[in-house]
Amino acid sequence: MKHVSEYRDAELVKGVIEEIRRTVTRPWTLMEICGGQTHAIVRHGIDQLLPSEIELVHGPGCPVCVTPLELIDKALTIASCPDVIFCSYGDMLRVPGSHADLFSVKAQGGEVRVVYSPLDAVKIAQENPDKQIVFFAIGFETTAPPNVMSVLQAQRLGLTNYSILVSHVRVPPAIRAILSSPHNRVQGFLLAGHVNAVMGYWEYPPLAEEFKVPMAVTGFEPLDIVQGILTTVQLLEAGKIGVANAYSRAVSFEGNIPAQRTIEKVFMECDRKWRGIGMIPMSGWCLRPEFDSFNAEKRFEVESIRADESPLCIAGQILQGMKKPHNCPAFRKECSPENPLGATMVSSEGACAAYYRYGRVEIKQSVTS
Amino acid sequence: MNEETVNIEGAVCAPPLSHNEQIVMGHGAGGRMSHQLIQRAFLPAFKNPALQVGDDAALVDAGLCQQLSISTDSHVVWPLFFPGGDIGRLAVCGTVNDVAMLGAKPLYLTAGFILEEGLQMETLQRVIASMHDAAEEARVQIVAGDTKVVQKGKADGLYITTAGVGVVRAGYAVSGANAKAGDAVILSGPVGDHGMAVLGARGELGFQSSIQSDIAPLNHLIEAMLDASRNIHVLRDPTRGGLATTLNEITMQSNIGIMLDEKTIPVRPEVGAACEMLGFDPLYVANEGKLVAMVAHEDADAVLTAMRATRYGEEAVIIGKVTSEPRERVLLKTALGTTRVVDMLAGEMLPRIC
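In order, the protein sequence lines correspond to chains A and B. The numbering used here applies: residue 1 is where the first sequence begins, and numbers increase by one. The numbering used here applies: residue 1001 is where the second sequence begins, and numbers increase by one.
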């Protein structure tokens, strides 16, 4: 962990914070796109260190949070089928569907397994030829390579009992949606470094130009995050527009080209509903028709399942950076991690969960030092 | 995106699922869901003063001249054997530690076995031998037991329930309800070893790991601490739910707050790395051979010295202090000098680790 500890060095972080203080002359609103960054910011208290001119709002970059209700319902239907082993990342188990969550399905005898990689699910498929193995393939661009690899691997192995339920989303259309909104107040973006490690950042300069906002490719450790903030503030203060790379140790302009080609072989762009936001055109990935046999929606005939989301929480406004979690009247009352109203409270990357867990609201009231 | 789709004033989330109707794994994870289950299901039914204190053991006055500490613990860990321990050692140490945490000397245990049809006799023998060794180390005797066999598929090899009784040292009042503002918070060693060792044994880490469980009987360590100070207010072993959950329980029982210093909380590098890769926070990972103590500030150094002279307390450190405000809150000063809340574990993190 030596490599990581250097990026958590308090003195180095404070040095960058000082530089931000010297640079900033007026208020700026920045959005960190990725939920992983939101958690790092709140967990390390980076927002407490920033000058008051800088406001961070939390973006929609939590794959668990934005997975639409009807896909959860489809997952629940599939997981309840006999002879199915439903494999998922752990966080998805608690996300409420219309009437249940995967935990309840498990408690009623459905076979739901937590895996850390879709390749583990492929292995389970090999070991259980008499069962149908379904992997819940959620995520942004970051998790796309392993998810498509699992399909190619299953194809290579000739497995007929493996399929994936795809809920993939992409960052650039989400940024476009946020910037197009008449309510938008985001002036600069911290881009999701792990997404850029795969995709590079060639997709972003046209967005920056069109909407006249600067962006910085940003990592996830405290030093990376403050460096991303400094870079964005420098661009804003200088009146410059463009995309800077503040995470060059992991990200190149082109990104991981073999990974991008592999994704393209298996996935194609499609319209996708985002929970709490709505339909964003061409914002998702789905399986190409030639991979239909690996498409769990088709295999289990759940394509027709539709679900309407009910008006109980403000996750949508939070995911778009319009409101903070503690602005929600249900926060810490009706809504908590063990009794989540919305996905932003469920996921370990969700903004509400971060605010709840790290007590962002009451800290300012209770800590006088 | 058009105006219609950004109209998020209305709909977004699904209605809440409260898991009040059936048991889910989270009810057994030792976090807030377990807490709620106890509050709603068990406490109202069994209401009595000893139970209501909320410690891991009960302090009872059996009409004798000494007070007794009584506790019980069921063990369902899978796999049965893992680096650093097994279900047998766990079953002995778990109860020994719970009994000892009231400042008691554990003396006798009972053990109930639920065996699954088809369990290899050799496996059972290994578990029994391990229980023998652990009991010898803790200097307790297993004086009664029970065995039941269930049909294949109705259990996962072997479950063990142990109960224990010990004698509370006279003149001491050790309880999760006795923390006092100003107390030093002492941790007996690095956190997270047990949970990550069990995960490693399941092959769920996805990489080779050298992490060993820390399972140990802590009664000798506690004896040394009691010898060093009469002002030990709280002793608690942070098992399921980890250090974070245990400290939160104590803030509620004692109606106090706790301020931790992140830099002082020890985590072995390999445990930290494994947690980092899997997205776990070591503060929430189970321990089976660690204790946290709240000790009067003036006695902290003496207690620390006594702890470090024992086998399971060599790495003891002060990690924070008890505060009067904010009540029922654990705060943590981060390495960056900022402050955040350390909350309880909500539901399930790792299934069946003890």
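Glycine included, each C-beta is placed from N, C-alpha and C at the ideal position. In this text the structure is predicted, and so the values were computed from the model without any measurement.
Counting only runs of 3+ residues, the beta strand (DSSP E) found wholly inside the stretch 128–160 of chain A occupies 132–139, in chain order. Around the beta carbon of F1207(B), fewer than 16 other beta carbons sit within 10 angstroms, so the residue counts as exposed. Per DSSP, reduced to three states, the secondary structure at A1177(B) is coil, with no helix or strand assignment.
Taking a 10 Å sphere around the C-beta of L1051(B), we find fewer than 16 other C-beta atoms and assign the residue as exposed.
Residue contact check for T1334(B) against chain A: a CB pair falls below 7 Å.
Looking at the DSSP output, F294(A) sits in no beta bridge, so it has no partner there. Taken atom to atom, the span from the alpha-carbon of M1196(B) to that of G90(A) is near 16 Å. Take the alpha-carbon of H1027(B) and the one of A1216(B): they are about 25 Å apart. Judged by DSSP in its simplified three-state form, D1156(B) adopts coil rather than helix or strand. For R357(A), the closest Cβ of chain B is nearer than 7 Å.
Inclusion of I85(A) and I124(A) in the CB contact set at 7 Å is warranted, their separation being smaller than that value. When secondary structure is reduced to three states using DSSP, S1324(B) falls in the coil class, being assigned neither helix nor strand.
N1255(B) places its beta carbon 7 Å or farther from that of H1194(B).
Taking 7 Å as the threshold, the shortest C-beta distance from P337(A) to chain B falls below it. Each residue's CA atom was taken as its position, placing V1092(B) and E1270(B) some 27 Å apart. In chain order, E55, V57, R185, V186, Q187 place their CB closer than 7 Å to the CB of T29(A), counting only its own chain and leaving out the 5 sequence neighbours on each side.
Comparing alpha carbon positions, the residue from I46(A), P182(A), A307(A) closest to F220(A) is I46(A). A check of alpha carbon separations from S252(A) across L102(A), E203(A), V166(A), K106(A) identifies E203(A) as the nearest.
K1105(B): member of the beta strand (DSSP E) spanning 1104–1116, first to last residue. Three or more beta-carbon pairs separated by less than 8 Å link the stretch 203–218 of chain A to the stretch 168–175 of chain A, which places the two stretches in contact.
Legend: CB atoms of the stretch 7–41 of chain A lying less than 7 Å from CB atoms of chain B belong to residues R8, A10, V13. Apart from the 5 residues on each side of it in sequence, L1243(B) sits with its Cβ closer than 6 Å to the Cβ of V1191, L1283 in its chain, given in chain order. If one requires a minimum length of 4 residues, the alpha helix (DSSP H) runs lying completely within the stretch 53–128 of chain A are 63–66, 69–79, 102–107, 118–127, in chain order. Collapsing the DSSP output to three states places T1147(B) in a strand. Sequence-distant Cβ neighbours of K1321(B) in its own chain, meaning closer than 8 Å and more than five residues away, are G1182, D1183, A1184, V1185, I1258, M1259, H1297. The alpha carbon of V1330(B) has as its nearest neighbour, out of F331(A), Q227(A), Y356(A), D73(A), the alpha carbon of Y356(A). Judged by DSSP in its simplified three-state form, S5(A) adopts helix. Rounded to the nearest angstrom, the Cβ distance from A1173(B) to G1145(B) is 33 Å, too far for a contact under 8 Å. Q153(A) and V198(A) do not touch by the CB rule: their CB atoms are close to 18 Å apart, not below 8 Å.
The count of Cβ pairs closer than 8 Å, one atom from the stretch 257–264 of chain A and one from the stretch 66–84 of chain A, stays below three, leaving the stretches out of contact. A direct Cα-Cα distance of roughly 28 Å separates R249(A) from L179(A). Note on geometry: alpha-carbon atoms of K240(A) and M322(A) lie some 24 Å from one another.
By DSSP's assignment, W274(A) forms a beta bridge with G278(A). Three or more beta-carbon pairs drawn from the stretch 1055–1070 of chain B and the stretch 1086–1106 of chain B are found closer than 8 Å, and the two stretches are therefore classed as touching.
The criterion of a C-beta distance shorter than 7 Å is satisfied by V217(A) and A246(A). For A250(A), not one C-beta of chain B is nearer than 7 Å to its own C-beta.
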